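Beneath this line is the structure, given in structure tokens, with notes to follow.
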Amino acid sequence: MSLQDYPLIPIQPDAPKIKTRLPGPRVKALTARDRRVTSPSYTRDYPLVVDRAIGSVITDPDGNVFLDMTAGIAVTASGHSHPYVVDAIRRQSERCLHMSGTDFYYASQIELAERLVKSAPMKGKNRIFFTNSGAESIEAALKLSRYHTGRQHVIAFIGAFHGRTYGAMSLGASKVIQSQGFKPLVPQISHVDYPNPYRPVGHEKNVTDHTMREIETVFKHKVSPDEVAAIFVEAIQGEGGYIVPPDDFLPRLRELCTKHGIMLVCDEVQSGMGRTGLMWGIQHSGVEPDMIASAKGIASGLPLGALIARQKIMDWPYGAHASTFGGNPVSCAASLATLDLLEAGLMHNAATVGDFLIKRLHELSNEFDVIGDVRGRGLMAAIEFVQDQSSRHAFAEFRNQVVLDCFHRGLLVLGCGESAIRFCPALTVSERQIETAITIVHDAIKAVQQHRRKGEAA
692 MSLQDYPLIP
702 IQPDAPKIKT
712 RLPGPRVKAL
722 TARDRRVTSP
732 SYTRDYPLVV
742 DRAIGSVITD
752 PDGNVFLDMT
762 AGIAVTASGH
772 SHPYVVDAIR
782 RQSERCLHMS
792 GTDFYYASQI
802 ELAERLVKSA
812 PMKGKNRIFF
822 TNSGAESIEA
832 ALKLSRYHTG
842 RQHVIAFIGA
852 FHGRTYGAMS
862 LGASKVIQSQ
872 GFKPLVPQIS
882 HVDYPNPYRP
892 VGHEKNVTDH
902 TMREIETVFK
912 HKVSPDEVAA
922 IFVEAIQGEG
932 GYIVPPDDFL
942 PRLRELCTKH
952 GIMLVCDEVQ
962 SGMGRTGLMW
972 GIQHSGVEPD
982 MIASAKGIAS
992 GLPLGALIAR
1002 QKIMDWPYGA
1012 HASTFGGNPV
1022 SCAASLATLD
1032 LLEAGLMHNA
1042 ATVGDFLIKR
1052 LHELSNEFDV
1062 IGDVRGRGLM
1072 AAIEFVQDQS
1082 SRHAFAEFRN
1092 QVVLDCFHRG
1102 LLVLGCGESA
1112 IRFCPALTVS
1122 ERQIETAITI
1132 VHDAIKAVQQ
1142 HRRKGEAA
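See the structure below:
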């Protein structure tokens, strides 16, 4: 069957519909079993158990129906269980489930490689290395940048999150808990401030000036630029708070990297695959990186990642790097179907509905002084909670209460940064669903404010 035989945006049940007190009895039983056998490191902010999911709607085992603004942390780009993707998975599964793509060949991996390298924001010829996750894509980029340049040092940004494997964790600087007890980390990595227009650091009026000055300080006092292999940067800082940098930041970073022969590696794990309304988040800046790391939305929920680099840069030799499961044939089939849907209209939907989302978030912020900032691109948006507008002190406790209240009203959202809530729904989301989500967040904020006022009065 062809794409024309499937709806671009499948019909979804109305949501939310909460039938039981949360959590319901079946969910309580399942989470109790889970707690006895799974790692305590998992970050579960509320007891959601998924039974079925379609588009942006999730049903739990007790029959409660939730509206999902998380998409599995920006993963299900085409929505949960899109029939076109599901059928692509089924057809490939019937032919071949696995045959390691770094030792053998199969058509789905070859076709996907051809399409992804053409989509990359780098002009000219590119190559691809397939992985299973964003962390693995970052690890590959770290290895390749050091190999290609013959240099060791790497620069990354405070607030960054690149994954939880050792190299990726060492590049990150998001939360202390993510590296606490795991040191020593990978050496030869320096961190500088990511330019945050809402929370400027330093004395410069232009936050980009401060960041560039910090990099020059690293060059002057810590390591010569001709010893720096790469600068790793997120086009929009994800886990750090969905921070959109100033327009001049990425062009100036590109200029600096070009001047010193440093690889510019763009982490597009969360911002890529159409989420911002363009295929890659960095395309909004017009900048060409040397490498991009991708994962999350690349296969609509199946494990897949990719490192795409200029052909002249991906020059490591036979046997230097490989992955048993990277580029699994079923994951590649899901990714090909995802690309079809993005090109058929989901990327456009991300842009138009994303504009509506950000407009409604600004209108929401006008009602509540506790919302200090609204930011984002496409369907990658956030609101940040503050204790007051003048000090802008983060209000994490309030944010956490709003997230939990939203859950009890049937809306799934997640935090990011110190005190922000992120909105990263499936690219199939409708304006009607966004309107429902905004209404619930509005009611949750009011409820939390009232609850806190009662507590203060007691």
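In the numbering used here, the protein residues as written are 692 to 1149.
Cβ atoms here follow ideal geometry from the backbone N, Cα and C, with glycine treated the same way.
The structure presented is a predicted model; accordingly, all values stated were derived computationally and were not measured.
{"Check": "Minimum length 3: unbroken beta strand (DSSP E) runs contained in the region 1094 to 1138", "Outcome": "1105 to 1107, 1111 to 1114"}
{"Check": "Simplified DSSP state of Asp958, which is helix, strand or coil", "Outcome": "strand"}
{"Check": "As assigned by DSSP and simplified to three states, the class of Asp758", "Outcome": "What sits at residue 758 in the sequence shown is Leu, not Asp. Three-state result, Leu758: strand."}
{"Check": "Whether Val867 touches Arg1068 by CB criterion (9 angstroms)", "Outcome": "no"}
{"Check": "Cut-off 8 angstroms between Cβ atoms - residues of its own chain near Glu1122, not counting five sequence neighbours on either side", "Outcome": "Val1044, Phe1047"}
{"Check": "Where Asp1064 falls: helix, strand or coil (DSSP)", "Outcome": "strand"}
{"Check": "Residue(s) in a DSSP beta bridge with Leu998", "Outcome": "Phe820, Ala984"}
{"Check": "Proximity of Ala811 and Leu833 at Cβ, strictly below 9 angstroms", "Outcome": "no"}
{"Check": "Given 8 angstroms, three or more beta-carbon pairs between the region 958 to 977 and the region 755 to 769", "Outcome": "yes"}
{"Check": "Exposure label - Lys1145; buried when at least 16 CB within 10 Å", "Outcome": "exposed"}
{"Check": "Nonlocal neighbours in the same chain, by C-beta distance under 6 angstroms from Phe941, ignoring five residues either side", "Outcome": "In the sequence as displayed, the identity of residue 941 is Leu instead of Phe. Excluding positions up to five away in sequence, the list reads Ser976, Val978."}
{"Check": "Rounded C-alpha distance that separates Val777 from Ala984", "Outcome": "25 angstroms"}
{"Check": "Proximity of Pro886 and His901 at Cβ, strictly below 9 angstroms", "Outcome": "yes"}
{"Check": "Span of the beta strand (DSSP E), counted from its first residue to its last, around His882", "Outcome": "880 to 884"}
{"Check": "Best match in Leu721, Glu1126, Arg1113, Asn1091 for proximity to Gln1140 [C-alpha to C-alpha]", "Outcome": "Asn1091"}
{"Check": "Residue burial classification, Glu905 (beta-carbon count within 10 angstroms, cutoff 16)", "Outcome": "buried"}
{"Check": "Ser732 classed as buried or exposed, judged by whether at least 16 other C-beta atoms fall within 10 angstroms", "Outcome": "exposed"}
{"Check": "Burial state of Gly854 (16 or more Cβ within 10 Å)", "Outcome": "buried"}
{"Check": "Buried versus exposed call for Glu830 [16 or more other C-beta atoms within 10 Å across all chains shown]", "Outcome": "buried"}
{"Check": "Burial state of Met903, where buried means 16 or more other Cβ atoms lie within 10 Å", "Outcome": "buried"}
{"Check": "Check whether Gly996 and Thr822 have beta carbons under 9 angstroms apart", "Outcome": "yes"}
{"Check": "Which residues DSSP lists as bridging Ile1049, in chain order", "Outcome": "For Ile1049, which the question treats as bridged, DSSP gives no partner whatsoever."}
{"Check": "Segment limits, alpha helix (DSSP H) that includes Thr750", "Outcome": "Looking at the DSSP string, Thr750 is not in any alpha helix (DSSP H); the run it does join, the beta strand (DSSP E), is 748 to 750."}
{"Check": "Between the CA atoms of Met790 and Leu1166 - distance to the nearest angstrom", "Outcome": "Because residue 1166 is not part of the residues shown, which for the chain are 692 to 1149, the question remains open."}
{"Check": "Segment contact, 8 angstroms Cβ cut-off, at least three pairs: the region 986 to 993 with the region 1051 to 1065", "Outcome": "no"}
{"Check": "DSSP three-state assignment for Met964, whether helix, strand or coil", "Outcome": "coil"}
{"Check": "Counted within 10 angstroms of its Cβ, other Cβ atoms place Lys710 as buried (16 or more) or exposed", "Outcome": "exposed"}
{"Check": "Status (buried if at least 16 other CB within 10 Å, exposed otherwise) for Pro707", "Outcome": "buried"}
{"Check": "Test item: CB-CB of Ser861 and Val877 under 9 angstroms", "Outcome": "yes"}
{"Check": "Rounded C-alpha distance that separates Pro969 from Pro716", "Outcome": "Checking the displayed sequence, the identity of residue 969 turns out to be Leu instead of Pro. If you take the alpha carbons of Leu969 and Pro716, they lie about 43 angstroms apart."}
{"Check": "Helix, strand or coil at Ile927 according to DSSP, with G and I counted as helix", "Outcome": "coil"}
{"Check": "Lys708, DSSP secondary structure in three states", "Outcome": "strand"}
{"Check": "Sequence-distant residues of its chain with Cβ nearer than 6 angstroms to Gly1018 (five each side left out)", "Outcome": "Gly792, Gln800, Phe821"}
{"Check": "Cβ shell of Leu694 (< 7 angstroms), same chain only, five flanking positions each side left out", "Outcome": "Tyr775, Asp1031, Ala1035"}
{"Check": "Contact check, Gly770 vs Gly754, beta carbons under 9 angstroms", "Outcome": "no"}
{"Check": "Reference Phe795, options Ser1014, Phe1086, Leu1105, closest by Cα", "Outcome": "Ser1014"}
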